[in-house]
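Trainee: Below you'll find the structure I mean.
In the working numbering, the protein residues as written are 8 to 72.
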């Protein structure tokens, strides 16, 4: 039974890694969750250079002075 689980796990891992492809995009939009909630934008200006911006949204939190 244990060997069947290992074989099935290996086959699933192999099947998912074969179909993986890199995404080809120039601009991406995302969300940042946690203590610093906000929106992120990333734009590639070259093959290995990018500009990234963060817009922080406190979402109703009040910070004491």
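Even glycine gets a Cβ: it sits at the ideal position worked out from N, Cα and C.
Are residue 33 and residue 50 closer than 9 Å when you measure CB to CB?
Mentor: The answer is yes: Cβ separation under 9 Å.
Trainee: Per DSSP, residue 22 is paired with what?
Mentor: For residue 22, which the question treats as bridged, DSSP gives no partner whatsoever.
Trainee: The beta strand (DSSP E) spanning residue 51 covers which residue range?
Mentor: 45 to 51
Trainee: For residue 45 versus residue 64, is the C-beta distance shorter than 9 Å?
Mentor: yes
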